[in-house]
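Asks: First to last, the protein sequences are chains P and A. If you're matching positions, the first sequence starts at 287 in our numbering and goes up one per residue. If you're matching positions, the second sequence starts at 287 in our numbering and goes up one per residue. Where is the CB? At the ideal position from N, CA and C, for every residue including glycine. Take a look at the following structure, please.
2 protein chains.
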Amino acid sequence: MPNISERGKMMPPSPIRKLVPYAEEAKKKGRIVYHLNIGQPDIKTPEVALNAIRQYDEKVIEYSHSAGLESYRRGLAQYYQSIGIDVNYDEIIVTTGGSEALVFALMTTMNKGDEIIIPEPFYTNYNSFALLSEVKVVPITSDIKNGFALPEVAEFEKKITDRTKAILVCNPSNPTGALYSQEELYKIRDLALKYNLFIIADEVYREFCYDGHKHLSVMQLEGMQQNAVLIDSTSKRYSECGTRIGCFVTKNKELLSSAMKYAQARLSPPLLGQIAGEASLNTPKSYFEEVYNEYIARRDYVVEALNKIEGVFCPMPKGAFYTIISLPVENAEEYCQWLLEEYHYNNQTVMLAPAAGFYSTKGLGVNQARIAYVLKIDDLKNAVKVIEESLKVYPGRTIK
Amino acid sequence: MPNISERGKMMPPSPIRKLVPYAEEAKKKGRIVYHLNIGQPDIKTPEVALNAIRQYDEKVIEYSHSAGLESYRRGLAQYYQSIGIDVNYDEIIVTTGGSEALVFALMTTMNKGDEIIIPEPFYTNYNSFALLSEVKVVPITSDIKNGFALPEVAEFEKKITDRTKAILVCNPSNPTGALYSQEELYKIRDLALKYNLFIIADEVYREFCYDGHKHLSVMQLEGMQQNAVLIDSTSKRYSECGTRIGCFVTKNKELLSSAMKYAQARLSPPLLGQIAGEASLNTPKSYFEEVYNEYIARRDYVVEALNKIEGVFCPMPKGAFYTIISLPVENAEEYCQWLLEEYHYNNQTVMLAPAAGFYSTKGLGVNQARIAYVLKIDDLKNAVKVIEESLKVYPGRTIK
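Set out below in structure tokens:
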């Protein structure tokens, strides 16, 4: 039998993959499992997007331009202009989800062996994309105690070497819900300019900023035109994850032209998803207000209720729809598995994402879990009750 | 300004990219340009696929399973069974086009620096995917004189080193239209087994085999269960290139589980494309008969007409809808550019794909061009007339 590749063996499995069979087993036993572990919102896709698909009237589902439909790119540019981001349509490459935009960014800004600094905990697939493109992730740890604020610039500066080519930020952040302030962003801008680094900013949760906090894009940082790469996606903004449409945006022409060659190699982003995406640009304001109010209500409920549980700490997220909580347990992964395998409260249980998988530094986050508040409030209430009751009896709890 | 990556700079541009601006210029001058350069068929997508999209009635366009919708994978397995390929649904990973399946195959079968043997001329993006995954392409030249038949096994064997991990075949072949015989395939099977190699077979043109020739899949070669990887796509079979749906198929469980980690990293293949793909499985036989007859007629016309032109040689393709022709010119790329930039016949001209870009060995194919016979016969007639007349006056012709 031929050997498979070592790099394939080294690819990290999804951090919840180990738990999936336990969740399936629990369901087979007839238990209700509340999924707080995934970023698949239950929010409806805008009607304008669904209608555009239903009214598709071409005879052939053709390739689009490798950079995406020109009409869609022009629409995207208008959208960015409308929120104060100065971008032309020919500075946008439509991609197969934000995922592909990230791969393009790593392949074009970095050679293999180069280093990218990423505040941890971070979206676990950054690790997969870094492995795929053979770049080294250099983590900087952010702290649950201050709501996972961007670490001090001095911490970044300590990590910079000859091989450092870029800093990757997710703003607002999956998995922490942190939203970086203008002050924080200008500080890393200065650092990027000082050391000639790219800042790759994953801003797919841009629309989800709460309490009057304003989102500042990397593309809005003065003087960063040649250093900024924006990663975007329609998945969360319009709750249309299945369209697999994102984009890679930069004003750096050389970088754009390099990314374009990767785009040409895979011919075209998905056409039907682009049609949904283009129509979504006309989503009425009322849709976002409704979604926004729903997430605010969910967040406020879940944060308050979790913090009332003895030994649980949940920072107040300023954006996205995630938060990382610390739990009074020795090992959150074991606790999450136990919830699915052994525990139920009134025949209900909960699936959480153990947070260790979001850290690059071994040993961190072992008593933390990520919560996605993507369920209706009534379900969230039941889920929090399960967590509360379970911690009273969990054998591995640290508070006796 | 930060430096972009060297690997990005090294990525080959599309072989027709240089010609695109000339084609656009020609159109601006009001000329009709017949596109024989691209594989975008004008054939209609099956009604069943278009209707499935139009009848989409879910409220949320969600992620699918990372391996694709289970119902679609079960349908695909049935399709494969029906054509004599023994595959279960859980041996299939639905991908974003055949392109992604190829990347998964290279990443999982080979480490960086490993070698893959590919008969040339080959689909030019194999080069891009090899660069992306840092594997070395070792070409074996096939010959226009015998219709680009698979080279002798002894030629393959000469190229095998310690780093050789796989052989990649495209069958039927884009860009040559060659279809490999049972005898040829069994010979490279024996070689693969002898040296413990994978055979990665790109079979996306499986349905396009002419003159009673039967397609044999790599999955049907006895004893190859652990060594075979099938790359497939719905793009050409159902003329739905824009759906971006393909698949990665293997019975090698270790390889499958490795590929699955790459699939999880990008979350999900496009949902809407999968819905079109699943519905396409019910395409009536009459559709394929019509398409088949249309391509046969186009092929027969174009091959006969081209061979009548003095100095042109066009082998008879047995499959797909491409052929590579040799031209009585010193440099086909210059000729192709001249056709767009300077020549017209009754205000019409032609865009061809210079074939040098399909060879990995420098200096080969310089007097060859690839033709995709994806246009209606009337257009093909006009296009051939342009080629015929142009060669009478082209300054760089070799036959005076």
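Residues in the same chain with beta-carbon distance under 7 Å from GLY623 (chain P), minus the five sequence neighbours each way, listed in chain order, please.
Replies: Correcting the residue identity first, residue 623 (chain P) is Gln in this sequence and not Gly. The answer, listed in chain order, is LEU305 and TYR308.
Asks: What's the C-alpha gap between ASP376 (chain P) and ARG359 (chain P)?
Replies: Roughly 7 Å separates the two Cα atoms.
Asks: Answer yes or no: do THR395 (chain A) and ALA452 (chain A) have a C-beta to C-beta separation smaller than 8 Å?
Replies: Going by C-beta atoms, THR395 (chain A) is nearer than 8 Å to ALA452 (chain A).
Asks: Got a sec: which bits of the segment 467–493 of chain P sit with their beta carbon under 7 Å from any beta carbon on chain A, in order along the chain?
Replies: Residues passing the 7 Å Cβ filter: ASN482, LEU483 and PHE484.
Asks: Compute the beta-carbon to beta-carbon distance between GLN634 (chain P) and ARG317 (chain P), rounded to the nearest angstrom, for a pair I have assumed lies under 8 Å.
Replies: Sure, about 7 Å apart at Cβ, within 8 Å.
Asks: For the segment 543–573 of chain P, enumerate the residues whose C-beta is nearer than 8 Å to any C-beta of chain A, in chain order.
Replies: So the list reads SER544, ALA545, LYS547, TYR548, GLN550, ALA551, ARG552, LEU553, SER554, PRO555, PRO556, LEU557, LEU558, GLY559 and ALA562, given in the order they occur along the chain.
Asks: Let's see if you can read the secondary structure: which residues bound the beta strand (DSSP E) around THR427 (chain P)?
Replies: THR427 (chain P) -> beta strand (DSSP E) spans 422–427.
Asks: Nearest chain A C-beta to CYS622 (chain P) closer than 8 Å, yes or no?
Replies: By this cut-off, CYS622 (chain P) is not an interface position.
Asks: Taking 8 Å as the CB-CB limit, is MET297 (chain A) close to chain P?
Replies: Cβ-Cβ to chain P under 8 Å: yes for MET297 (chain A).
Asks: Could you pull the start and end residues of the beta strand (DSSP E) that PHE534 (chain P) belongs to?
Replies: Looking at the DSSP string, the run of the beta strand (DSSP E) that includes PHE534 (chain P) is 532–535.
Asks: Exposed or buried, what is THR382 (chain A) when buried is set at 16 or more other beta-carbons lying within 10 Å of its beta-carbon?
Replies: Result: buried.
Asks: Using a cut-off of 9 Å between C-beta atoms, extract the partners of GLU576 (chain P) located in chain A.
Replies: Simply none; closest approach about 14 Å.
Asks: Kindly identify the DSSP beta-bridge partner or partners of ALA452 (chain P).
Replies: The partner list for ALA452 (chain P) (beta bridge, DSSP) reads P:ILE402 and P:PHE484.
Asks: So, is HIS501 (chain A) buried or exposed, given that buried needs 16 or more other C-beta atoms within 10 angstroms?
Replies: The residue is buried, with at least 16 neighbouring Cβ atoms inside 10 Å.
Asks: If you compare alpha carbons, which of P:LYS444, P:ASP497 and P:PHE434 is closest to GLN654 (chain P)?
Replies: Ranking P:LYS444, P:ASP497 and P:PHE434 by Cα distance to GLN654 (chain P) puts P:PHE434 first.
Asks: Residues of the segment 502–517 of chain A with a CB closer than 7 Å to any CB of chain C: list them in chain order, please.
Replies: Although the question refers to chain C, the structure presented lacks it and instead comprises the protein chains P and A.
Asks: Enumerated in chain order, which unbroken segments of the beta strand (DSSP E) with a length of 3 residues or greater are wholly contained in the segment 630–666 of chain P?
Replies: List check, beta strand (DSSP E) in window: 634–637 and 654–658.
Asks: Between PRO601 (chain P) and VAL589 (chain P), what straight-line distance do the alpha-carbon atoms span, to the nearest angstrom?
Replies: Looking at the two C-alpha atoms, the distance is approximately 7 Å.
Asks: Between the segment 324–343 of chain A and the segment 544–555 of chain A, can you find at least three pairs of beta-carbon atoms closer than 8 Å?
Replies: No: fewer than three Cβ pairs fall under 8 Å.
Asks: Enumerate in chain order the residues of its own chain whose CB-to-CB distance from GLU627 (chain A) is below 8 Å, with the five nearest sequence positions on each side excluded.
Replies: Counting only Cβ-Cβ distances below 8 Å, and skipping sequence neighbours, we find TYR308, GLU311 and ALA312.
Asks: Interface residues of chain A around ARG340 (chain P) at Cβ under 9 Å?
Replies: Under the 9 Å cutoff, chain A gives ILE339, ARG340, GLN341, TYR342 and ASP343.
Asks: Could you confirm whether any beta carbon from chain P is found closer than 8 Å to the beta carbon of ARG293 (chain A)?
Replies: At least one chain P Cβ lies under 8 Å of ARG293 (chain A).
Asks: Helix, strand or coil for ALA464 (chain P)? Go by DSSP, reduced to three states.
Replies: Three-state result, ALA464 (chain P): coil.
Asks: Would you decide whether ASP448 (chain A) is buried or exposed? Buried here means 16 or more other CB atoms lie within 10 Å of its CB.
Replies: Exposed: under 16 other Cβ atoms inside 10 Å.
Asks: If contact is defined by three or more beta carbon pairs under 8 Å, each pair taking one atom from either stretch, is the segment 468–478 of chain P in contact with the segment 607–621 of chain P?
Replies: At 8 Å Cβ cutoff, the stretches do not touch.
Asks: I think SER459 (chain P) touches ALA618 (chain P), with their Cβ atoms under 8 Å apart; what is that distance to the nearest whole Å?
Replies: No, SER459 (chain P) and ALA618 (chain P) are not in contact; Cβ-Cβ is about 19 Å, not under 8 Å.
Asks: Would you verify that the beta carbon of ASN323 (chain P) is, or is not, closer than 8 Å to some beta carbon of chain A?
Replies: No, its Cβ sits nowhere closer than 8 Å to a Cβ of chain A.
Asks: Among residues of its own chain, excluding the 5 on either side of TYR365 (chain P), which ones have a beta-carbon nearer than 7 Å to its beta-carbon?
Replies: LEU567.
Asks: Would a C-beta distance cut-off of 8 Å place MET296 (chain P) and GLN512 (chain A) closer than the cut-off?
Replies: No, these two residues do not count as a Cβ contact at 8 Å.
Asks: Can you find a CB in chain A that lies within less than 8 Å of the CB of GLU443 (chain P)?
Replies: Not closer than 8 Å to any Cβ of chain A, the Cβ of GLU443 (chain P) fails to qualify, so no.
Asks: Is there a Cβ from chain A that is less than 8 Å from the Cβ of LEU305 (chain P)?
Replies: It does not: the Cβ of LEU305 (chain P) has no partner Cβ on chain A nearer than 8 Å.
Asks: Using the beta-carbon of each residue, which ones in chain A are nearer than 9 Å to CYS527 (chain P)?
Replies: Here the neighbours are VAL346, ILE347, GLU348, TYR349, LEU553, SER554 and LEU557.
Asks: Spatial neighbours of ALA591 (chain P) within its chain, please: C-beta separation below 7 Å, excluding the five flanking residues on both sides.
Replies: Result list for ALA591 (chain P): VAL670, in chain order.
Asks: Who are the near neighbours of LEU558 (chain P) in its chain, counting only those whose CB is closer than 8 Å to its CB and skipping five residues on each side?
Replies: Counting only Cβ-Cβ distances below 8 Å, and skipping sequence neighbours, we find ILE339, TYR342, ILE347 and THR529.
Asks: In this structure, how does DSSP classify LEU608 (chain P) when only helix, strand and coil are distinguished?
Replies: For the sequence presented, residue 608 (chain P) should be read as Tyr rather than Leu. DSSP places TYR608 (chain P) in strand when its eight states are reduced to three.
Asks: Put PHE574 (chain A) into one of helix, strand or coil per three-state DSSP.
Replies: Residue state, collapsed to three classes: helix.
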